[in-house]
Amino acid sequence: MDFNQIKQFILKHESRISWAAMLGGFVLDNLTLTRIDLLFDDLILLSYLIIAAISIILFNYLDENSKIRLFVPYTLQFAFGGLFSGFLIFYSRSGSLLQSWPFLAILLFLMIGNEVFKERYEKYVFRISIYFIALYSFFTFYIPILLGKMGALPFILSGIASILVLALLVYFVERSKRSRAKEKRHKIYISVITICVIFNTLYFGNIIPPIPLSLKDIGIYNQLEKRGNDYVMQKENVSWYKFKEKNILDITTGSNVYAYTAVFAPTKISQKISHVWLYKNDGKWEEKSRIPFPINGGRGEGYRGYTYKNTLEEGLWRVEVRTDRDQVIGRKTFTINFVDELPKQEIYIK
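Just so we're aligned, residue 1 is where the sequence shown starts under full-length UniProt numbering, counting upward by one.
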């Protein structure tokens, strides 16, 4: 099969190849990305960033009739598909959908819209803008992992790192004799400033999930006791198909209710989190208590901890796991029901 036949095949099946490129990146991410602080996982995302950068450079260095340039849009599409599916996987594990849905929706749109964007990737400012979003999304969790701390300073540094890397990429693009990129610098400036404003608004508005933290487990129990390295808990065993009953906890008057969580943090990160107990009163959530405690990173299944409360009213309750910046890592909503005698209890060991 000569080049012309290959070209005709690609043009004929362009849409299918585009979707295959996107789905290929998504499937690869789901099979390979397991833990956000593993070197292998980070290298996968870093390789996508490098492939995307090389593709953007080749867009400007290669002649439109070049055999290699025919494949460049698909290579860029594959890299962006892999990046945004990977970001969607990691960010969705790190926050509450109820609070973080605007940012997750952006990532989902960029992943799914990747197929539609193929023609727009021909436009220099557009592909640079998408690449900057990818850089910002990557450094937002990678800088805290490198520094071993979370907060405003690491986030600000992630923005600076993203701008520096983008500036380096633009420098190489502008060195091409064929490139007219210098004429579009003002559009790049506007795009970068806009993206920075959006990211900072979402971050300081607690919309971006508290990555690299993630909630591995959460549960509400009648009894909890730590025995050695194990947490031994008790509650009624409800059949899996009784969805409504699974979120009802029967208790006796004056008894304790325990909230157990396992929160993952990268190896070097120590962070203070809180269990926030909320009660729904007249249609509004009221904070009843906030109990902070520190967690240490490194345990794959998450750092385990618990809090308890013994002055509960009957009705709808919620326990939220929050950072010291009030970002929601996860939550559990349940109903308290008073009974004279507890039903048969099941033992859970974690």
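Cβ coordinates follow ideal geometry from the N, Cα and C atoms, glycine included.
Query, Result
"Quick one: what's got a C-beta closer than 7 Å to F141's C-beta in the same chain, skipping five residues either side?", "I36, F90, I211, P212"
"Kindly identify the DSSP beta-bridge partner or partners of H275.", "I291, V321"
"Could you check what DSSP says for N247 in three-state terms: helix, strand or coil?", "helix"
"Measuring CA to CA, which of Y258, N281, R299, I207 is closest to S270?", "R299"
"Beta carbon of G315: closer than 8 Å to some heavy atom of the ligand FAD?", "This structure lacks the ligand FAD; in fact it carries no ligand of any kind."
"Can you name, in chain order, every residue of its own chain whose Cβ lies under 6 Å from the Cβ of P209, other than the five neighbours on each side?", "Y91, S94, G95, S100"
"Comparing alpha-carbon positions, which option in K272, K309, T307 lies nearest D326?", "K272"
"On the three-pair Cβ rule with 8 Å, is the region 234-253 touching the region 154-167?", "no"
"Is there contact here, the region 127-141 with the region 246-257, by at least three beta-carbon pairs under 8 Å?", "no"
"Reducing DSSP to helix, strand and coil, say where D282 ends up.", "coil"
"Could you check if E320 is buried or exposed, using at least 16 other CB atoms within 10 Å of its CB as the buried criterion?", "buried"
"Check for me: the alpha helix (DSSP H) holding N200 runs from which residue to which?", "185-204"
"Could you give the uninterrupted runs of the beta strand (DSSP E) lying entirely in the region 45-98, keeping only those of 3 residues or more?", "none"
"As a quick exercise: from P73, V72, F80, pick the residue whose alpha carbon is nearest that of L46.", "F80"
"Tell me whether V197 is buried or exposed, calling it buried when 16 or more other Cβ atoms sit within 10 Å of its Cβ.", "exposed"
"Is it the case that the Cβ atoms of L98 and A52 are separated by a distance below 9 Å?", "no"
"Spell out the partners DSSP gives N337 in its beta bridges.", "D250"
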